[in-house]
Structure formats: structure tokens, C-alpha cells
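Below is one structure, written out as C-alpha cells; comments come after it.
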Ligand SMILES: [Zn+2]
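Numbering (this note's numbering), first residue to last: 1 to 262.
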């Protein structure tokens with residue numbers, strides 16, 4: 001377990017997503033036998049996710065993906081942001097859940113879960129729209145039996161005292177990374193043909209290191225978070241928010257100037 005491994009996640013899966021792009025992506029996933037996390041919106045009302053006419057066989061497809069071994073995550077309820085709250089992870093300042101009273105969050109989660117149950121789809125994990133949720137959401141997920149959250153910038157998965165296992169999601173494209181489990185998040189609705197080509201190339205390069213959620217849970221479920229995870233998570237947060245990058249660039253530039261002067 002000394003090398004890096006990768007999980008692939010696709011967000012905003014719903015009946016009106018970009019289907020032609022999806023079919024092309026799925027062909028690559030099948031070719032490389034990749035079993036991704038698919039974040040499915042139970043009742044999408046977000047116009048930004050309305051790219052193609054609704055597919056009538058959408059839930060059939062979701063059931064098929066789950067039967068194939070794909071991890072099906074609950075991606076919020078309606079994908080509608082109601083405030084500018086960035087939640088506990090502080091990634092994006094908009095939320096469908098963070099900052100809302102417990103009763104309101106619980107009502108949304110129960111409606112979302114009811115749709116999955118009605119469609120005969122098991123909830124394998126939680127993926128919050130815009131990464132925005134809070135401790136209230138986490139407590140509710142634990143109570144409602146959703147045991148896995150795909151989010152956070154730590155380098156390795158871990159399980160909290162309440163039984164929730166965090167599968168961190170730190171990347172938005174493939175990069176070489178040190179030991180750990182790195183989830184690459186994708187939003188295919190806006191992909192160009194060029195972006196699809198890059199994805200195919202990345203699969204070729206990283207295929208041997210791509211794993212799936214059941215395998216990761218097998219290795220990490222029950223593990224507690226370490227101090228080094230916390231530090232690495234904090235450093236990753238600074239990189240993600242473009243705070244560390246400019247500092248390093250400035251240091252390098254100053255060193256170069258120093259060399260020139262010397
Ligand atoms: Zn989303």
C-alpha cells in the first residue's frame with residue numbers, strides 16, 4: 001500500500017445530463033474496467049444540469065451501473081443552492097445544506113433517500129453539491145444509514161467515531177501524487193472533445209493505479225485519522241485555494257534573482 005491509488009468520480013449525473021459525452025466516457029470506463037463513483041442527483045432542478053432532453057431510462061441505467069459495481073452516491077436532493085455557506089470544508093461558497101436548521105436538512109435528506117428507495121437504488125455514499133455541508137449533515141447521514149462521504153482534502157480515508165467513513169476527494173484532474181488514495185472529480189456536462197481525449201490518455205497512464213470504493217473500504221474502513229493526515233489535509237487546502245502556490249513561486253523567483261545578483 002506504499003504507492004498512490006486513484007478513485008474516479010463523476011458528479012451531476014441526472015436524466016438531463018450531457019448524454020453523448022457520457023456514452024463516450026462510459027466506453028472508456030468499460031475498456032479500462034474502471035468502476036467510478038457516480039454522484040446522482042435524486043430530483044434535479046438546477047438548470048445548469050439540463051443539457052439534453054430527459055432520458056426515460058435514466059433509473060434503469062443507474063440500477064445497471066450499480067449492478068456492474070459502480071458506486072452510486074446521493075448528490076444532494078435537488079442541486080439547488082439556497083445560501084452562500086461554504087460549509088465545514090470551505091471549498092465553494094454555496095450550499096443546498098450547510099447552515100440550514102437540522103429539521104430542514106433532515107426533510108431534504110429523507111426526500112432524497114425516498115427517491116433512491118423508490119427506484120431500487122442503494123445509497124453507497126454521500127456527495128454534497130459544491131462540497132458544502134456541515135456537522136449537522138454528517139450527524140444526519142450517520143443516523144439515516146449513509147456511512148460513506150466522498151469529500152475532504154486528507155491524503156487517506158478514515159472512519160469517524162460516529163461510523164462515517166470519509167473517502168477524501170482532492171483532485172479535479174490526474175496528477176502524480178505520493179502514497180494515499182486520491183479521488184479525481186469530473187464534471188462531464190461541460191467537457192469538450194479535447195477534455196475527453198485527455199481523460200482517455202490519463203486512463204492509459206494511470207489505469208494500473210485506479211481502484212474502486214469496495215477495495216478502498218476493505219483497506220481503510222475503521223482506520224482513525226492521524227495527525228499527519230490532518231497536516232497534509234491542511235496543506236492540500238492551501239494548495240487548492242491557491243495560497244501555497246504563489247508563495248512557492250515567489251520564493252523560487254527570489255532565489256533566481258539572488259543567483260543572478262550573486
Ligand atoms: Zn453537483
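Beta carbons are placed, not taken as given, at the ideal position from N, Cα and C, and that holds for glycine. These figures come from a predicted structure and were not determined experimentally.
Determine the closest residue to residue i out of the options, with distance taken between C-alpha atoms.
i: residue 113; options: 101, 127, 187; result: 127
i: residue 176; options: 155, 160, 162; result: 155
i: residue 180; options: 190, 236, 201; result: 236
i: residue 221; options: 170, 239, 162; result: 162
i: residue 232; options: 46, 178, 47; result: 178
i: residue 148; options: 55, 216, 165, 136; result: 165
i: residue 91; options: 121, 130, 10, 146; result: 130
i: residue 21; options: 38, 192, 122; result: 192
i: residue 168; options: 137, 122, 230; result: 230
i: residue 124; options: 69, 27, 12; result: 69
What is the rounded straight-line gap between the Cα of residue i and the Cα of residue j?
i: residue 197; j: residue 30; result: 16 Å
i: residue 144; j: residue 80; result: 21 Å
i: residue 249; j: residue 108; result: 44 Å
i: residue 157; j: residue 4; result: 13 Å
i: residue 223; j: residue 200; result: 33 Å
i: residue 205; j: residue 101; result: 45 Å
i: residue 251; j: residue 241; result: 18 Å
i: residue 59; j: residue 117; result: 11 Å
Excluding the 5 residues preceding and the 5 following residue i in the sequence, name in chain order all residues of the same chain whose CB lies nearer than 6 Å to its CB.
i: residue 32; result: 203, 207
i: residue 141; result: 126
i: residue 41; result: 14, 75, 79
Would residue i pass as an interface residue toward chain C - the criterion being a Cβ-Cβ separation below 7 Å?
i: residue 93; result: This model lacks chain C altogether, as it is built from one protein chain only.
Just to confirm my understanding: we take residue i, look at its own chain, exclude 5 residues before and 5 after, and list those with CB closer than 8 Å. What are they?
i: residue 17; result: 49, 51, 52, 188, 189
i: residue 43; result: 77, 78, 111, 112, 115
Shorter than 6 Å, the distance from the beta carbon of residue i to the closest heavy atom of ligand 2, or not?
i: residue 12; result: Here the bound small molecules are ligand 1; ligand 2 is not part of this structure.
In chain order, what residues of the same chain have a beta carbon less than 7 Å from the beta carbon of residue i, not counting five sequence neighbours either side?
i: residue 170; result: 153, 182, 183, 236
In chain order, which alpha helix (DSSP H) runs of at least 4 residues are fully inside the region 148-207? Taking only runs of at least 4 residues, the alpha helix (DSSP H) segments lying wholly in the region 148-207 are 193-206.
Sequence ranges, alpha helix (DSSP H) only - wholly within the region 24-101, length at least 4: Taking only runs of at least 4 residues, the alpha helix (DSSP H) segments lying wholly in the region 24-101 are 58-68.
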